[in-house]
Amino acid sequence: MNKKNPDLTAEQKLVMFEDGTEPPGSSELNNEKRDGSYHCANCGVKLFDSKTKYESGSGWPSFFQSLPDVFETKTDYLLGYARTEYHCKNCDAHHGHVFDDGPKPTGKRYCNNGICLVFKSKS
């Protein structure tokens with residue numbers, strides 16, 4: 834798809850489509866504790882359930898598991914070393930990087946730019 838939502842802010846476009854990142858600790862979603870789900874800010878696809886969110890100490894919203902088949906990955910070397918970048922399979926928007934230092938049961942840490950997510954409360 835790779836179609837940009839016209840309602841995205843300049844900062845969202847920078848992060849989602851131009852290899853930008855938001856400053857650590859800047860997302861209001863870091864403190865979100867309600868039951869619900871996290872969706873792609875560009876296309877609206879549901880990406881994470883709130884039950885998989887945890888405090889990683891990284892400064893970005895972190896999850897130990899995504900929903901099935903919502904992301905594609907690629908290796909990026911923007912910092913001079915290999916990292917696994919993930920992007921929305923539906924619209925190709927960049928969300929963050931996945932690391933192998935997360936909690937059980939998956940051992941994964943999806944380190945997501947909060948600006949790329951929309952939280953929808955269950956209640």
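Heads up, the sequence shown is in the working numbering, so the first residue is 834 and it goes up one at a time. The beta-carbon is built from N, C-alpha and C at its ideal position, and this holds for glycine as well. Keep in mind it's a predicted model, so treat the numbers as computed, not measured.
Taking C-beta atoms under 8 Å as the contact rule, Cys924 and Cys873 qualify, at a distance of about 6 Å. Non-local C-beta neighbours of Gly929 in its own chain, meaning closer than 6 Å and more than five positions away in sequence, comprise Cys944, Asn945, Asn946, ordered along the chain.
Cβ atoms of Leu841 and Met849 come within 8 Å of each other, at about 7 Å. The C-beta separation of Cys949 from Gln845 comes to about 7 Å, placing the pair in contact by the 8 Å criterion.
Distances from the alpha-carbon of Ser954 to those of Lys837, Ser870, Trp893 put Ser870 closest.
Closest option to Pro894, judged by alpha-carbon separation, among Asn864, Lys879, Pro901: Asn864. Phe897 sits in coil when the DSSP states are folded into three classes, being neither helix nor strand.
Cβ neighbours of Gln898 within its own chain (closer than 6 Å, five residues either side excluded): Thr885, Thr939.
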